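Trainee:
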Amino acid sequence: MKKTSLFFAAIAAWLAMLSWVRPLMLPDEGRYAGVAWEMLRSHSHAVPLLNGMPYFHKPPLFYWLAEASFSVFGLNEFAARLPSVLAAWLAAAGLYLFVRRRRDAGTAAVATLILVTLPFFYGAAQFANLDMLVASLISLCILAGAEALLRAREGASPRGMMLACAVLAGLAVLAKGLIGVALPAAVLVLWVASARRWKDLLVLLWPPAIGVFLAVAVPWFWLMQLRYPEFFHYFFIYQQFERFSAGGFNNVQPAWFYLPVLAALALPWSAWAAGLFDKRFWTAPGGELRRLALVWLAVILAFFSIPSSKLIGYIVPALPAFAFLLAEVVMSVRRSGRSLRWRRLFPLSVMGAATLCGAAMAAAAAYSHQAPKSLATDIGTRLRPGDTLVALHQYPFQLQLYSRSPAPMWVVDDWLDPQIPLRDNWRKELYDAAHFDPVQGQQVLLSDRLLRERLCAAPAGERYWIWGGADDAARKPFLANRQPVLSEDRSRVWLVEAGDGLMRQACGETPIAGLQ
0 MKKTSLFFAA
10 IAAWLAMLSW
20 VRPLMLPDEG
30 RYAGVAWEML
40 RSHSHAVPLL
50 NGMPYFHKPP
60 LFYWLAEASF
70 SVFGLNEFAA
80 RLPSVLAAWL
90 AAAGLYLFVR
100 RRRDAGTAAV
110 ATLILVTLPF
120 FYGAAQFANL
130 DMLVASLISL
140 CILAGAEALL
150 RAREGASPRG
160 MMLACAVLAG
170 LAVLAKGLIG
180 VALPAAVLVL
190 WVASARRWKD
200 LLVLLWPPAI
210 GVFLAVAVPW
220 FWLMQLRYPE
230 FFHYFFIYQQ
240 FERFSAGGFN
250 NVQPAWFYLP
260 VLAALALPWS
270 AWAAGLFDKR
280 FWTAPGGELR
290 RLALVWLAVI
300 LAFFSIPSSK
310 LIGYIVPALP
320 AFAFLLAEVV
330 MSVRRSGRSL
340 RWRRLFPLSV
350 MGAATLCGAA
360 MAAAAAYSHQ
370 APKSLATDIG
380 TRLRPGDTLV
390 ALHQYPFQLQ
400 LYSRSPAPMW
410 VVDDWLDPQI
420 PLRDNWRKEL
430 YDAAHFDPVQ
440 GQQVLLSDRL
450 LRERLCAAPA
460 GERYWIWGGA
470 DDAARKPFLA
480 NRQPVLSEDR
490 SRVWLVEAGD
500 GLMRQACGET
510 PIAGLQ
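Heads up, the sequence shown stops at 515 in numbering that gives the first Met the number 0, and the numbers go up one at a time, no gaps.
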């Protein structure tokens, strides 16, 4: 027991290591951490907020966890990434406990060690978005459901594990939506079908477990529908179904995209996958668990290969199954009597994988320095009560979080552009959010003309921190002849005070032709 506790502690330390050393990467980490910060700042714990408006692209579980983390550890990168770190640790612990019960402690340790040193898994564990949380809950749900079925086959009671499976499925739905229950159900049903054990379906359909699942998953969605009558259509029809089948969203890739991605991002462990093509591997005793892992891996890869738009993080739920299969290959090599090969290859794989994990985080840290965190924190040290943040033709997701701004910012763009609803970017996110709160949308989503009118009508002394690009000074009359107070790379920040000489001069001019 003591050795297991030390092993779990070491895994936790490994997964958390370096999680605080780099700024939040944009846009994803800035978006998800920023939404959680807005919820905490605004005491809007039920409704996710993006720039003060309801943000229903994703359910709230990650935001709730990040809110709690910010409340305990403060507003920093470690706190933002802690939900992903904890989710990764739970997935690793769940895999260890399942494999130790169904195989042995050695295989469990190897499978867990492979999982947490997969560069793919390690990177997802240190990224503040939904991928690892969803992957962990789906994986734990599958493991709990499989354990329940195995107990039923042995004549033991499956009820406790089925209730756990139901709770995990409900939480997975709160983390990402319908895939939280659909993917575990597909894996378990196909595993049952592969063994032709049709009576196992009665275990999966146990009414109390279904009731527990509904009690966990339904209330938040029902509450949002009561508050926002178009919520169900937007979240389930548009976000869950139409986006899945549409081809105009992020990163269009061919159907085979995830196979090379998995092979590359699991190096050097993926080299051991050659053993999966040995027929004897699948005919050896104990093949039932290997078949479960194969079905699990195939379902995740196949499901996310269907839509033309593909993101790398979607297949993180397949990694525990992949790690188990690789561990089975490793242990079969060890048991084959080729001990010298085992002693050489396995430690080399561990060291190589750990090195790649560190290198990946170093590369991420180098890339993150391009994100202008320092501008946002500098603004935060200078903000006064009543100051307003303004963003010109961009939405810096990190600005409100790092500046700890107490209010939403004004975002300036052509919000009447008919192309906005057709493109998957920050403009569409804000545009959709304003649909659920038009009053707030009119307050924070401005045209160039409306921004100029507000600045010119503002009482003398009001201050505006205007975030823009290097070329914005030439296009905005109120920035003409005004030097930025902060700059980094291509980003510039101007401090505009209503009623100062430059502002009076700009307000007295005839608007530039074409300015709207």
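For every residue, glycine included, the Cβ atom is placed at its ideal position computed from N, Cα and C. These numbers come from a predicted model, not from an experiment.
Going by C-alpha to C-alpha distance, which of P371, A91, A134 sits closest to K175?
Mentor: Minimum Cα distance to K175 is reached at A134.
Trainee: Leaving out the 5 sequence neighbours to the left and right, which residues in its chain are closer than 7 Å to W13 when beta-carbon positions are compared?
Mentor: Excluding residues within five positions, the ones whose Cβ falls inside 7 Å are V115.
Trainee: Pairs of beta-carbons, one from the region 170–186 and one from the region 292–303, closer than 8 Å: are there three or more?
Mentor: Because the criterion of three Cβ pairs below 8 Å is met, the region 170–186 and the region 292–303 touch.
Trainee: Nearest to A390 by CA position, among F61, L450, P346, is which residue?
Mentor: Cα-wise, what sits closest to A390 is L450.
Trainee: Mind checking who T116 pairs with in its DSSP beta bridge?
Mentor: Paired residues: none, contrary to the question.
Trainee: Within the continuous beta strand (DSSP E) that includes G93, where are the two ends?
Mentor: No beta strand (DSSP E) contains G93, which is instead part of the alpha helix (DSSP H) from 76–101.
Trainee: Since G468 sits in a beta bridge, which residues does DSSP pair it with?
Mentor: For G468, which the question treats as bridged, DSSP gives the partners S490.
Trainee: Evaluate R279 with the Cβ neighbour count: other Cβ atoms within 10 Å of its Cβ, from every protein chain shown; 16 or more gives buried, anything less gives exposed.
Mentor: R279 comes out exposed.
Trainee: Measure the C-alpha to C-alpha separation of M330 and R381 and round it to an integer number of angstroms.
Mentor: The alpha-carbon atoms of M330 and R381 are separated by roughly 59 Å.
Trainee: In this structure, does DSSP put A127 in helix, strand or coil?
Mentor: Of the three classes helix, strand and coil, the one that applies to A127 here is coil, per DSSP.
Trainee: Give me, in chain order, the residues of the same chain whose beta-carbon lies closer than 7 Å to that of I141; leave out the 5 immediate sequence neighbours on both sides.
Mentor: Around I141: P183, V186, L187, W295.
Trainee: Near L494, what residues of its chain come up, given a Cβ to Cβ distance below 7 Å and the 5 sequence neighbours on each side ignored?
Mentor: R462, W464, V484, listed in sequence order.
Trainee: Over the uninterrupted beta strand (DSSP E) stretch that includes W409, give me the two end residues.
Mentor: Segment 409–411, the beta strand (DSSP E) holding W409.
Trainee: In angstroms, rounded to a whole number, what distance separates the CA positions of M408 and A262?
Mentor: Their Cα atoms are separated by approximately 43 Å.
Trainee: Out of D447, D199, W414, which one is the CA nearest neighbour of G154?
Mentor: Closest by alpha carbon: D199.
Trainee: Count the CB pairs spanning the region 43–53 and the region 428–446 that are closer than 8 Å, and state whether there are at least three.
Mentor: Touching, yes.
Trainee: My guess is that L136 and G93 are in contact by the Cβ rule of under 8 Å, so how many angstroms apart are they, rounded?
Mentor: With 8 Å as the limit, L136 and G93 do not qualify as a contact, their Cβ atoms being about 10 Å apart.
Trainee: By how many angstroms is the C-alpha of S335 removed from the C-alpha of V328?
Mentor: Rounded to whole angstroms, V328 to S335 spans 11 Å at the Cα level.
Trainee: Select from D447, A457, V492, R448 the residue whose C-alpha is nearest the C-alpha of A469.
Mentor: Of the candidates D447, A457, V492, R448, the one whose C-alpha sits nearest the C-alpha of A469 is V492.
Trainee: Of the residues N128, W19, A110, which one's Cα is nearest the Cα of L74?
Mentor: L74 has its Cα closest to that of W19, out of N128, W19, A110.
Trainee: Using beta-carbon positions only, say whether A163 and A143 come within less than 8 Å of one another.
Mentor: For A163 and A143, yes; Cβs fall inside 8 Å.
Trainee: Measure the Cβ-Cβ separation of T376 and Y401 and say whether it is below 8 Å.
Mentor: Taking 8 Å as the Cβ cut-off, T376 and Y401 qualify as a contacting pair.
Trainee: Going straight from the alpha carbon of F72 to that of Q125, what length do you get?
Mentor: Going by the C-alpha atoms only, they are around 16 Å apart.
Trainee: If you drop the 5 nearest sequence neighbours on each side, which residues of the same chain put their C-beta closer than 8 Å to that of V251?
Mentor: Around V251: S307, S308, K309.
Trainee: Do you know offhand how far W414's Cα is from L501's?
Mentor: Going from the Cα of W414 to the Cα of L501 covers about 27 Å.
Trainee: Exposed or buried, Q482, counting other C-beta atoms within 10 Å across all chains shown (16 or more means buried)?
Mentor: Under this definition Q482 is an exposed residue.
Trainee: With which residues is Y463 paired in a DSSP beta bridge?
Mentor: Partner(s): T387, V495.
Trainee: Buried or exposed, going by whether 16 or more other CB atoms sit within 10 Å of the CB of Y366?
Mentor: The residue is exposed, with fewer than 16 neighbouring Cβ atoms inside 10 Å.
Trainee: Would L173 and A127 be called neighbours here (beta carbons separated by less than 8 Å)?
Mentor: No, Cβ-Cβ distance for L173 and A127 is not below 8 Å.
Trainee: Taking the alpha carbon of I569 as the point to measure from, which residue in R158, L324, K427 has its own alpha carbon closest?
Mentor: One cannot answer for residue 569 here, as it falls past the ends of the chain, which runs 0 to 515.
Trainee: Using the rule of at least 16 other Cβ atoms within 10 Å of the residue's Cβ for burial, across every protein chain shown, is A358 buried or exposed?
Mentor: Exposed is the call here.
Trainee: Tell me which same chain residues have a C-beta within less than 8 Å of the C-beta of E229, skipping the five on either side of it?
Mentor: Hits under 8 Å: H434, F435.
Trainee: Taking the C-alpha atoms as reference points, what is the distance between L25 and W466?
Mentor: Rounded to whole angstroms, L25 to W466 spans 16 Å at the Cα level.
Trainee: By how many angstroms is the C-alpha of Y237 removed from the C-alpha of K57?
Mentor: Straight-line Cα distance between these residues: approximately 12 Å.
Trainee: Since L264 and P118 should fall inside the 8 Å C-beta cutoff, what is the C-beta to C-beta distance between them, to a whole number of angstroms?
Mentor: Confirmed, about 6 Å.
Trainee: Where does V251 sit, in a helix, a strand or coil, going by DSSP?
Mentor: Residue state, collapsed to three classes: strand.
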